[in-house]
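Colleague: Take 1078 as the starting number for the sequence shown in the numbering used here and just add one per residue. By construction, the Cβ of each residue, glycine as well, lies at the ideal position given by its N, Cα and C atoms. Treat the numbers as computed from the prediction; the structure is a model and nothing was measured. Take this structure, written in structure tokens, and hold onto it; I'll ask about it next.
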Amino acid sequence: MTAPATTDAALDRLAAALADERRALLDHDVELLMRSTAEKLAALRELEEALPQGQAERLAELAEANRRNGALLARRRREVNWALRHLGRAESAPAYDAHGQAQQLRASRDLAVA
1078 MTAPATTDAA
1088 LDRLAAALAD
1098 ERRALLDHDV
1108 ELLMRSTAEK
1118 LAALRELEEA
1128 LPQGQAERLA
1138 ELAEANRRNG
1148 ALLARRRREV
1158 NWALRHLGRA
1168 ESAPAYDAHG
1178 QAQQLRASRD
1188 LAVA
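Below you can see the structure in the form of structure tokens.
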């Protein structure tokens, strides 16, 4: 394959990976999200080796799709953190006491009283 054909194929793979990533985020499909993210990173690594020439418009469209996916991912993460907080799960970041020992913050809350 020639260099332009190689970069076109990598751009096509990146576009497909971004579309799959968006679908995974909307459908809450973790397995598809992991696969599409791996495919996206592989396509980006390939594009780093042979930067596409004359593809500014397409690259801008793909960058915008990636930004939209990032915003959607941030929203999903906030939703998960909110749900975990309301279920009484402690925050994942440990706190350190005066002796340097890691302690998990306990912020539990009763969901119901029987």
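For L1124, decide whether its Cβ has a neighbour in chain D, counting only Cβ atoms nearer than 9 Å.
Modeller: Reference to chain D is not applicable here, since this structure consists of a single protein chain.
Colleague: Select from R1099, A1142, L1124 and G1165 the residue whose C-alpha is nearest the C-alpha of P1081.
Modeller: Of the candidates R1099, A1142, L1124 and G1165, the one whose C-alpha sits nearest the C-alpha of P1081 is L1124.
Colleague: Across the stretch 1083-1093 and the stretch 1127-1138, are there enough close Cβ pairs to call them in contact, namely three or more that are closer than 8 Å?
Modeller: Because the criterion of three Cβ pairs below 8 Å is met, the stretch 1083-1093 and the stretch 1127-1138 touch.
Colleague: State the DSSP-derived secondary structure class of D1106, mapped to helix, strand or coil.
Modeller: Coil.
Colleague: How would you write the range of the alpha helix (DSSP H) that H1176 sits in, first residue to last?
Modeller: Where H1176 is concerned, there is no enclosing alpha helix (DSSP H), given that its DSSP letter is neither H nor E.
Colleague: Curious, which full-length alpha helix (DSSP H) runs of at least 4 residues does the stretch 1098-1149 contain?
Modeller: Runs found: 1107-1126.
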